[in-house]
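Numbering follows my numbering, in which position 511 of the sequence shown is assigned residue number 732; successive positions increment by one, without gaps.
Beta carbons: idealized from backbone N, C-alpha and C, even for Gly.
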Amino acid sequence: MDRSQGRVAGAGGDATAPVETFSGNRGLQLEELLIFEQDSPGRSGVDLPEPPAVKSRLAGLERRRPIGLPGLSEPQVVQHYTRLSQKNYAIDSGLYPLGSCTMKHNPRLNEKMARLPGFADIHPLQPLSTVPGAIELIDALAHWLKTLTGMPAVALSPAAGAHGELCGMVTIRAALEARGEADRRKRVLVPESAHGTNPATAASLGFTVEAIPANDEGRVDLAAFKAALGPDVAAIMLTNPNTCGLFERDIKTVADAVHEAGGYFYCDGANFNAIVGRVRPGDLGIDCMHINLHKTFSTPHGGGGPGSGPVVLSAALAPYAPWPLVVHDGGNARIVEEGGAVDLLEGGKPFGRLKAFHGQMGMFVRALAYMLSHGSDGLAQVATDAVLNANYVLAKLKDVMSPAFAGTCMHEALFDDDFLKGTGVSTLDFAKAMIDEGYHPMTMYFPLVVHGALLIEPTETQSKDALDRFVATLRYLAEQAHQQGAAARFHAAPLLAPRRRLDETLAARKPVLRWKPPAPKAQAAE
Ligand SMILES: Cc1ncc(COP(=O)(O)O)c(C=O)c1O
């Protein structure tokens, strides 16, 4: 790989001319080899005594070849990982406007609570009698989630939003089985404005997914939805607020209609941040909804986890919630494991288990710390401020960018690529140019119902100053895109990032996930 691709604008009068350095570094942005490429065989950061010569009891199963770890000194290891960490853009680095992700500040108080030894050092296989505090915390979190959503039950074990969807849809299937209708109710309706994981979840469970179009306002087309209902419909999976950043105004009509047709109402509640403390989903007729603790309740996410996607359930679905269950026995919270204390379940028929143990304990601690530190009024303020910030961005950009839909939005501001028409600059080019300006791009080309979509979710944790700087940069870029000859600069962006444009399709289709030692060089001819 060419590791010295750095270019800075303006060199030699050519905006895209390369500026190469001897070292490959650019300023204090240091190039970093893979740790295996830094290998010095035999070098080590630790000094262990020679093991005593004992006779192996592994009956020939012992490793005979070197383990293949690179040899590095301690400072080399520290520098390597520090440099890698500095390449990471994170919510702690600056504004992270990635739509649909709710990249908000993770309060340090939550981190401190999660690291308390009483929470951090317990083991899931410890006898439950030794961890009453943890069980109480799980119960308190369940109480908050039920109260905030107005739903009577919650399954806490799902490990992420999509996992919560799986949990919810399996619960619905279990309820249909109990009604003897699982075989005939095979269709799941999914509005085009729903998150992509919704149809994927339904399809992976063997349901037939039927897309319901969005109307001109970016909301579910009610007439098309009603026309699609029938005795074979298991459920609708609707995201609210939806992926266009809009509240589904007809949500109660949707709930009534699906119930009348004998189906269930699954709501994707990953965008709960926009309505927490302001609306209780249970009052909207929802049967089942997952909540991303790693979004609304500020537990850290990105880079693959860990997440947590509890699912709240209506009275109709609560009996089918998966093991383990938290029950109240003589005033005390108790965790009931598979097959245990069935008498406490009041007719419940759990559908089974979703994962080992009770869920993501560290996330539970962080989420509850967030809830308790905000209080119910503070959580309502979160939603208010998140919506205010998104509308501020929308209002400040609407004359230079093109809002996808008229009117105000909820937690995210959505633009289409109309404002780039005739410039030769695409949504992708625009996003890459943001990187040169020090901004992580917004979500691009999603939702699919909007051409060349640019989806900005500022969250409530950004100050007005931070939003003003962001808006000023986007206004500048939008105006630049219309300048004569500016397209080349956009096509070349990012010019200042450690790497330029990568072949993302190739990386996704043929990921190289393992380092392989280079093939030995051919012997020089003698
Ligand atoms: C609306 C919506 N639904 C579902 C998900 C899936 O959640 P996860 O990535 O935790 O599986 C997301 C992800 O952020 C989302 O934004």
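By the CB criterion at 8 Å, C322 and L575 fall outside the cutoff. A contact between stretches requires three or more CB pairs, one per stretch, nearer than 8 Å, and the region 472-485 fails this requirement with the region 513-523. Annotation: the continuous alpha helix (DSSP H) that includes D477 extends over I472 to E481. Per DSSP, the continuous alpha helix (DSSP H) segment holding E332 begins and ends at R329 to A335.
Secondary structure of A403 (DSSP, three-state): coil. When the alpha-carbon of G490 is set against those of S425, K333, A423 and H416, the nearest one is in H416.
Put simply, the backbone Cα of R405 is about 5 Å away from that of D453. Around the beta-carbon of G289, fewer than 16 other beta-carbon atoms lie within 10 Å, marking it exposed. Annotation for A652 indicates a beta carbon at 7 Å or more from all heavy atoms of ligand 1. In the structure shown, the three-state DSSP call for I677 is strand. Around the beta-carbon of Y302, fewer than 16 other beta-carbon atoms lie within 10 Å, marking it exposed. The residue from T520, H522 and A577 with its alpha-carbon nearest to that of L546 is A577. Every candidate alpha helix (DSSP H) stretch fails here, since none sits fully inside the region 359-397 while reaching 4 residues. Ligand 1 approaches C322 closely enough that one of its heavy atoms is under 7 Å from the residue's Cβ. Following the DSSP letters along the chain, one finds V409 inside the beta strand (DSSP E) bounded by residues R408 to P412. The Cβ-Cβ distance between L255 and W736 falls below 8 Å. No Cβ-Cβ contact shorter than 8 Å links A654 with A634.
When distances are taken from the beta-carbon of G530 to the heavy atoms of ligand 1, the shortest one is below 7 Å.
Per DSSP, the beta-bridge partners of A432 are V411. DSSP places S321 outside both helix and strand once states are collapsed to three, so it counts as coil.
Cβ contact annotation for G551 (same chain, cutoff 6 Å, sequence separation greater than five): none. With the rule of 3 Cβ pairs closer than 8 Å, the region 599-611 does not count as touching the region 437-446.
Around the beta carbon of Q683, 16 or more other beta carbons lie within 10 angstroms, which makes this residue buried. In the three-state scheme derived from DSSP, where H, G and I count as helix and E and B as strand, Q250 is classed as strand. In the structure shown, the three-state DSSP call for L717 is coil.
For H511, the uninterrupted beta strand (DSSP E) segment begins and ends at C509 to H511.
Rounded to whole angstroms, the Cβ separation of D620 and P715 is 26 Å, and the two are not in contact under 8 Å.
Secondary structure at V621: coil, using DSSP grouped into helix, strand and coil.
Using a 10 angstroms sphere on the CB of P272, the tally of other CB atoms stays under 16, which defines it as exposed. In this structure, G382 has its CB closer than 7 Å to one or more heavy atoms of ligand 1.
Take the alpha-carbon of A740 and the one of R286: they are about 18 Å apart. Around the beta-carbon of A381, 16 or more other beta-carbon atoms lie within 10 Å, marking it buried. In the structure shown, Y613 falls within a helical segment according to DSSP collapsed to helix, strand and coil.
Secondary structure of A708 (DSSP, three-state): helix.
For N513, the CB falls within less than 7 Å of some heavy atom of ligand 1.
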